[in-house]
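Novice: Protein chains in written order, with our numbering: chain A, 40 to 197; chain B, 40 to 197. Cβ coordinates follow ideal geometry from the N, Cα and C atoms, glycine included. These figures come from a predicted structure and were not determined experimentally. First the structure, then my questions, so here it is.
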DNA sequence: CCGTTACCCTAGCTGGCAACTAGGATTTGA
DNA sequence: TCAAATCCTAGTTGCCAGCTAGGGTAACGG
């Protein structure tokens with residue numbers, strides 16, 4: 040498994056929130072956990088990460104809960120996954136800076152050539168980040184989807 | 040970390056083998072471990088996986104060792120990573136069949152709609168597999184690289 | 001205001017597995 | 001026949017994903 044359940048559950052929480060109309064008010068973690076069949080106590084940690092990343096807003100007290108901090112169209116999946124998983128790197132030695140550039144941690148060490156395999160891992164990392172960047176939460180909001188369309192089915196296959 | 044050290048070390052072993060000229064004969068694990076600074080006993084397990092996958096050939100006994108089973112141009116990184124890591128899936132519920140098609144394990148379960156997030160994970164998986172498929176081991180064979188060329192440097196950044 | 005509902009925070013646990021190590025059996029070249 | 005190598009099966013061990021526990025704090029409703 041490439042991503043942990045943090046990303047898996049967290050993305051489902053975000054998709055759940057995106058699927059609600061704003062007029063419904065915030066959704067409580069309790070209701071989300073029940074609807075998605077996920078452990079509520081665990082979701083609290085994930086919700087905290089999402090909140091700290093500025094992706095959701097919370098309201099405390101009775102009738103409180105979580106709602107999206109921005110419209111779903113303005114939230115990329117890269118933001119979501121990064122908030123949940125931390126930095127996205129295929130292996131230890133590849134790091135992605137804030138500017139999006141990749142560096143091998145061994146670079147610059149005197150007498151140490153960069154991993155010969157950096158080219159591979161950089162490409163993998165790049166393709167993942169690009170894919171996550173190009174997708175917004177709005178695309179995941181389930182509109183009571185009937186059957187996948189032809190184009191969707193094609194996209195799903197490698 | 041997305042990939043484990045199995046992929047990291049194993050790819051380095053393959054790159055090492057690809058960097059040798061065929062006339063040198065097989066390379067012993069001992070020499071590879073020393074050159075790459077990796078634990079030899081651990082590499083034995085990885086070499087076994089690579090051999091079972093038909094990616095390397097082994098010769099036992101004195102002056103034995105490992106060599107590529109095919110020219111580096113004919114080995115895709117997808118094969119290598121798959122041999123080392125097992126199936127490549129971003130999260131538990133996404134599985135890639137031998138045909139390259141992706142399915143969500145929950146599909147088909149009566150009364151259970153497919154993950155709304157399948158679209159996301161499928162795309163991520165697809166982009167990873169595509170990247171790995173499009174790259175051959177030959178591209179990783181270090182040609183005693185002096186300094187990275189301009190084009191290489193550009194490719195490295197996202 | 002008071003009780004209920006929810007978020008919020010820190011701490012801990014625990015089973016599984018990644019990342020090795022150990023030790024021997026087997027094959028082969030010189 | 002010896003030494004060098006692969007091969008095979010079994011461990012071991014530290015860490016961390018994936019939770020649970022228990023309280024504190026804010027807000028709403030009546």
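#1: Would you say residue 41 of chain A lies against chain B (beta-carbon separation less than 7 Å)?
#2: Taking only the alpha-carbon atoms, compute the straight-line gap between residue 80 of chain B and residue 180 of chain A and give it to the nearest angstrom.
#3: Does residue 129 of chain B pass the burial test, meaning 16 or more other C-beta atoms within 10 Å, or should it be called exposed?
#4: Can you list, in chain order, the residues of its chain whose CB lies under 7 Å from that of residue 43 of chain B, leaving out five sequence neighbours each side?
#5: Going straight from the alpha carbon of residue 78 of chain B to that of residue 69 of chain B, what length do you get?
#6: Note down the Cα distance separating residue 85 of chain A from residue 107 of chain B, rounded to an integer number of angstroms.
#7: Closest by CA to residue 93 of chain A, which one among A:115, A:163 and A:76?
#8: Would you kindly work out how many angstroms separate the C-alpha atoms of residue 83 of chain A and residue 122 of chain A, rounded to a whole number?
#9: Compute the beta-carbon to beta-carbon distance between residue 159 of chain A and residue 40 of chain B, rounded to the nearest angstrom, for a pair I have assumed lies under 8 Å.
#10: Could you give the C-beta distance for residue 66 of chain A and residue 100 of chain A, rounded to a whole number, given that I count them as a contact under 8 Å?
#11: Mind listing which residues of the segment 155-167 of chain A have their C-beta closer than 9 Å to chain B's C-betas, in chain order?
#12: Flag this pair as yes or no: are the beta carbons of residue 176 of chain A and residue 53 of chain A separated by less than 7 Å?
#13: Between residue 119 of chain A and chain B, is any beta-carbon pair separated by less than 7 Å?
#14: Spatial neighbours of residue 74 of chain B within its chain, please: CB distance less than 8 Å, with the 5 preceding and 5 following residues excluded, ordered by chain position.
#15: Taking 7 Å as the threshold (beta carbon to beta carbon), is residue 88 of chain B in contact with chain A?
#16: At what residue ranges does the segment 62-126 of chain A contain a whole run of the alpha helix (DSSP H), taking only runs of 4 or more?
#17: From the DSSP output, in three-state form, read off residue 130 of chain A for me.
#18: Select from the segment 55-86 of chain A all residues with a C-beta closer than 7 Å to any C-beta belonging to chain B, and list them in chain order.
#19: Starting from the C-beta of residue 51 of chain A, find all residues in its chain whose C-beta is less than 8 Å away, skip the five residues before and the five after it, and write them out in chain order.
#20: To the nearest angstrom, how far is the alpha carbon of residue 133 of chain B from that of residue 164 of chain B?
#21: Would you mind sorting residue 166 of chain A into buried or exposed? The rule is 16 or more other CB atoms within 10 Å of its CB.
#22: Using beta carbons (cut-off 7 Å, strictly below), is residue 110 of chain B in contact with chain A?
#23: Quick one: Cα of residue 112 of chain B to Cα of residue 120 of chain B, how far?
Specialist: Taking the geometry as given:
#1: Numbered from 1 along the first chain, position 2 holds the residue referred to as residue 41 of chain A. Closer than 7 Å to some Cβ of chain B, the Cβ of residue 41 of chain A qualifies, so yes.
#2: As a working mapping, residue 80 of chain B is identified with position 41 in the second chain. As a working mapping, residue 180 of chain A is identified with position 141 in the first chain. If you take the alpha carbons of residue 80 of chain B and residue 180 of chain A, they lie about 49 Å apart.
#3: For this step, residue 129 of chain B is matched to residue 90 along the second chain. Here residue 129 of chain B is buried: its Cβ has 16 or more other Cβ atoms, across all protein chains shown, within 10 Å.
#4: Residue numbering aside, residue 43 of chain B sits at position 4 when the second chain is read from its first letter. Excluding residues within five positions, the ones whose Cβ falls inside 7 Å are 124.
#5: Stepping through the second chain from its first residue, residue 78 of chain B is reached at position 39. Stepping through the second chain from its first residue, residue 69 of chain B is reached at position 30. In a straight line, the C-alpha of residue 78 of chain B is about 9 Å away from that of residue 69 of chain B.
#6: Locating residue 85 of chain A in the first chain gives position 46, counting from the first residue. Locating residue 107 of chain B in the second chain gives position 68, counting from the first residue. Rounded to whole angstroms, residue 85 of chain A to residue 107 of chain B spans 45 Å at the Cα level.
#7: Against the first chain, residue 93 of chain A aligns to sequence position 54. Selected option, being the one with the closest Cα: A:115.
#8: Taking the first chain and counting its residues from 1, the one referred to as residue 83 of chain A is at position 44. Taking the first chain and counting its residues from 1, the one referred to as residue 122 of chain A is at position 83. Distance between the alpha carbons of residue 83 of chain A and residue 122 of chain A is about 14 Å.
#9: For this step, residue 159 of chain A is matched to residue 120 along the first chain. For this step, residue 40 of chain B is matched to residue 1 along the second chain. Contact doesn't hold; Cβ gap of about 15 Å is too wide.
#10: As a first step, residue 66 of chain A must be located in the first chain, where it is residue number 27. As a first step, residue 100 of chain A must be located in the first chain, where it is residue number 61. The Cβ separation is near 14 Å, so there is no contact.
#11: 155, 156, 157, 158, 159, 160, 161, 162, 163, 164, 165, 166 and 167
#12: Taking the first residue of the first chain as position 1, residue 176 of chain A is located at position 137. Taking the first residue of the first chain as position 1, residue 53 of chain A is located at position 14. Their beta carbons are under 7 Å apart, which means residue 176 of chain A touches residue 53 of chain A by this criterion.
#13: Numbered from 1 along the first chain, position 80 holds the residue referred to as residue 119 of chain A. Chain B, which has no Cβ nearer than 7 Å to the Cβ of residue 119 of chain A, makes this no.
#14: To locate residue 74 of chain B, count along the second chain from 1; it is residue 35. Counting only Cβ-Cβ distances below 8 Å, and skipping sequence neighbours, we find 55.
#15: Here residue 88 of chain B refers to the residue found at position 49 when the second chain is read from its first residue. Judged by the 7 Å Cβ criterion, residue 88 of chain B is not in contact with chain A.
#16: 68-75, 79-91 and 116-124
#17: For the purposes of this step, residue 130 of chain A is taken as the residue at position 91 of the first chain. Correct three-state label for residue 130 of chain A: coil.
#18: So the list is empty, because no residue satisfies the distance condition.
#19: Walking along the first chain from the start, residue 51 of chain A turns up at place 12. Taken in chain order, the residues that qualify are 75 and 77.
#20: Taking the first residue of the second chain as 1, we reach residue 133 of chain B at position 94. Taking the first residue of the second chain as 1, we reach residue 164 of chain B at position 125. Rounded to the nearest angstrom, the two C-alpha atoms are 9 Å apart.
#21: The residue given as residue 166 of chain A occupies position 127 in the first chain. Burial call: buried.
#22: Taking the second chain and counting its residues from 1, one reaches residue 110 of chain B at position 71. So no, residue 110 of chain B is outside the interface.
#23: Here residue 112 of chain B corresponds to residue number 73 of the second chain, with the count starting at 1. Here residue 120 of chain B corresponds to residue number 81 of the second chain, with the count starting at 1. When rounded, the distance between both Cα atoms is 16 Å.
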